[in-house]
Every structure is written in structure tokens, then in C-alpha cells.
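A.B. asks:
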Amino acid sequence: MKPSVILYKSLPDDLQNRLEENFTVIRVPNLSIETVNQHADAFKNAVGLLGSSEKVGAELLEKMPALRATSTISVGYDNFDVDALNAHKVLLMHTPTALTETVADTLMALILSSARRVVEVAERVKAGEWTKGIGPDWFGTDVHHKTIGIVGMGRIGLALAQRAHFGFGMPVLYNARRQHKEAEERFNARHCDLDTLLQEADFVCSILPLTEETRHLFGTKQFRQMKPTAIFINAGRGPVVDEQALIGALKNGDIHAAGLDVFEQEPLPVSSELLKLPNVVALPHIGSATHETRYAMAETAVDNLINALNGKVETNCVNPQVL
Ligand code: 8YV
0 MKPSVILYKS
10 LPDDLQNRLE
20 ENFTVIRVPN
30 LSIETVNQHA
40 DAFKNAVGLL
50 GSSEKVGAEL
60 LEKMPALRAT
70 STISVGYDNF
80 DVDALNAHKV
90 LLMHTPTALT
100 ETVADTLMAL
110 ILSSARRVVE
120 VAERVKAGEW
130 TKGIGPDWFG
140 TDVHHKTIGI
150 VGMGRIGLAL
160 AQRAHFGFGM
170 PVLYNARRQH
180 KEAEERFNAR
190 HCDLDTLLQE
200 ADFVCSILPL
210 TEETRHLFGT
220 KQFRQMKPTA
230 IFINAGRGPV
240 VDEQALIGAL
250 KNGDIHAAGL
260 DVFEQEPLPV
270 SSELLKLPNV
280 VALPHIGSAT
290 HETRYAMAET
300 AVDNLINALN
310 GKVETNCVNP
320 QVL
């Protein structure tokens, strides 16, 4: 009998077939306690777990004593308790390279749409308000040749720096734990501390993962350090921002506007004050959401699981030390 894996996200048919060639696949709708109890034997016997956007912690791992590998259809793995996985000797696989260019495109879309007020004015056109030549109350601000500040210089940061430098002639500042030689050599990027970046950048772009160090990194103090003309962009993780502080900063005029793809709570509650502010572009976490990239991520995640369970872990592993 083939070993079994739990699948908690739907896959394109051909990828599900690929998984089924290797394993008995048990499809569940989510990882809630009810689901786990309902399929207790399947969870108990499964050696693999594949999906995304659900919490995987100690409690679930207790119910999965045979588990050897988890594979997430995402680059971010803040939904996983890595210490608990390590304690249970369970590998965690992710998709760090499949979405880089697509998320960088999303960041550029947020930059352009918040600076040029694309969403706001397009809605005015649809509402029939374009009845004469437009005046300054419809104008935006320039993107080209403004200074971009990238907080988190990983793969996506690098792809954003490339777009900003070559496409828009923007000087690039970045803040990261380490200096990034490639960013400096190829895109003339300047490494600086967070204070300097906040004070000098016209666009402050956060692409940080969520960790204990990054949670609420952007609060009232940081928004006050930014220029009143600055635009804040976040396409990393929502809880990196203290959202109440951001709302305050947008209302007080501490900063000019925000372009957001991620939020403290997702889906963003319809009651959120962010949705009432005209200077906010809010997207529903579409960073990697193109047909091509979501397929590539799912394919990588399937292959990651197959490789991990066959003892072939070369890349895409968060905790290879458990081997
Ligand atoms: C996914 C993401 O949209 O990869 C990530 O970390 O945030 C997004 O690409 C999300 O995790 C759902 O799969």
C-alpha cells in the first residue's frame, strides 16, 4: 500500500494525479479541530501534509505521529510552528523561488496605483464624474526618479530593485540584516539603517516575513519618521504593521498614502477604517495570484513533498537539520 498524505488545498488535476502516483491522497477541506477529529485515522497515519494558509502547530502534530514532511504552497511559513516541527523531526518545505517576479510586479502595481491614484480615479470615471477636463484634484504624484526604500532585501526585494532602477530610474535604498552585494552592484542600491531609510525614501516598501522581530516593526514612531509625502507599501505580511498606527498616520497626514496587499487580519474586515480612506489602495493578498505563478507554486510544493518523503532534500527546505 502507498503511504498516505493529507491534502488541505485543492490542486490542479495534473498535479493531484502526480501526487496520487506516489501516495494515497486524502483531501480535507481545512485543518480545523473538527476536520482532524473527523478524519482522525487518516491524520494519524499520514506521512505528508500539503496545502497553505492554515496553522500547523504542536496540537496538530500530536495527532500526526507518522508525519515526516509538510509542504506549503507559499514562500512564507509563519503559519508553521517550526520549533514544534523540529521537535517532531518533521521537514518543512516551501516555494521560495516560484513567485519572486510576480510579487515584485504586485509591488510595482501598488506603487503606481497609490501614487497615481489609479483605483480612485478609475472609480470616479465609472461613477460618471469625468464630465470635463480634469484638474489638480485628480492629479497624483510621480513615481519615476523618486527614491524607493526597500525593507527586506531577499529575492523579491532584489526583483523590485531591478524594476525600480532600470524601469523607473529610482535611487534604491534598502534595509536588511546583511549587505546585499548583488543589489549594490547591479542596481546601485545603498544599504542603510531603518531610520535613514524611513527619513529619505519617497516609497517605503515592506517585503518582510513575519517573525518575532518584525511583528509591529512599523508603528507610530516609524510613520512619523517618514516624509509627509511618503507612500507606504506592504506586500510581505500584515502584522509587520501596527494597523491602527497606520490608520492614524494616514488620517493625520504623517504620510501621504498606502498601498497594501496584506493585513493584520485577512480577509480584511469590511468594517476596517482603511477601506474608508481614499488614500489607501487595498488588495486581497494577490501578491502571487496569477494563474502561471500559482500553478508553479503548487507544482513546486508537490515536487517538494515527493522529494522530501523520498529522502531527496536539496533545496526549498526550511529545517534541513531535522534530517
Ligand atoms: C500566498 C504568500 O498567497 O507565498 C506566500 O508567502 O503570501 C502568497 O504567495 C499565500 O501564502 C497563499 O498560498
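Throughout the sequence shown, residue numbering follows numbering that gives the first Met the number 0, covering 0 to 322 in sequence. A virtual CB, placed ideally from N, CA and C, is assigned to each residue, including glycine. Every value quoted in this text rests on a predicted model; they were computed, and no experiment measured them.
1. Are three or more beta carbon pairs between the stretch 200-208 and the stretch 149-156 nearer than 8 Å?
2. In the DSSP output, which residue or residues are listed as bridge partners for ALA160?
3. Go through its chain and collect everything with a Cβ distance to PRO28's Cβ below 8 Å, but skip five positions before and after it.
4. Tell me, please, which residues DSSP counts as bridged to VAL102.
5. Please name the residue in ASP82, MET0, PRO208 and TYR76 whose C-alpha comes closest to that of ARG176.
6. If you drop the 5 nearest sequence neighbours on each side, which residues of the same chain put their C-beta closer than 6 Å to that of SER70?
7. Contact check, LYS30 vs VAL55 under 8 Å by CB: the rounded distance?
8. At which residues does the alpha helix (DSSP H) containing ASN29 begin and terminate?
9. If HIS284 and GLU265 are in contact, beta carbons under 8 Å, what's the gap, nearest whole angstrom?
10. Using a Cβ distance threshold of 8 Å, determine whether the stretch 214-233 contacts the stretch 244-251, with at least three qualifying pairs required.
11. Beta carbon of THR99, beta carbon of ALA158: below 7 Å?
12. Once DSSP output is grouped into helix, strand and coil, what is the label at VAL74?
13. Could you give the residue range of the beta strand (DSSP E) that holds GLY247?
14. Would THR292 be called buried (16 or more neighbouring beta carbons within 10 Å of its own) or exposed?
15. Cα-Cα, which of ASP260, ASN44 and ARG189 is closest to ALA288?
16. Would you give the residue range spanned by the alpha helix (DSSP H) that VAL294 belongs to?
17. What residue range is occupied by the uninterrupted beta strand (DSSP E) comprising ALA281?
18. Only counting runs of 3 or more residues, tell me where the beta strand (DSSP E) segments fall wholly within the stretch 47-93, in order along the chain.
19. Is GLY237 helix, strand or coil by DSSP?
C.D. replies: Taking the geometry as given:
1. Yes, since at least three Cβ pairs between the stretch 200-208 and the stretch 149-156 fall closer than 8 Å, the two stretches touch.
2. In DSSP, ALA160 forms no bridge with anything.
3. TYR7 and THR34
4. DSSP output for VAL102 lists no bridge partner at all.
5. PRO208
6. LEU49, MET92, ALA300, ASN303 and LEU304
7. In the sequence as presented, Lys is not what sits at residue 30; that position holds Leu. Rounded, the Cβ-Cβ distance is 7 Å, consistent with contact.
8. Run containing ASN29: none; DSSP gives neither H nor E here.
9. Yes, HIS284 and GLU265 are in contact; Cβ-Cβ is about 6 Å, under 8 Å.
10. yes
11. yes
12. coil
13. Looking at the DSSP string, GLY247 is not in any beta strand (DSSP E); the run it does join, the alpha helix (DSSP H), is 242-251.
14. buried
15. ASP260
16. It should be pointed out that residue 294 corresponds to Tyr in this sequence rather than to Val. Element bounds for TYR294: 290-308.
17. 279-281
18. 47-50, 68-71 and 90-92
19. helix
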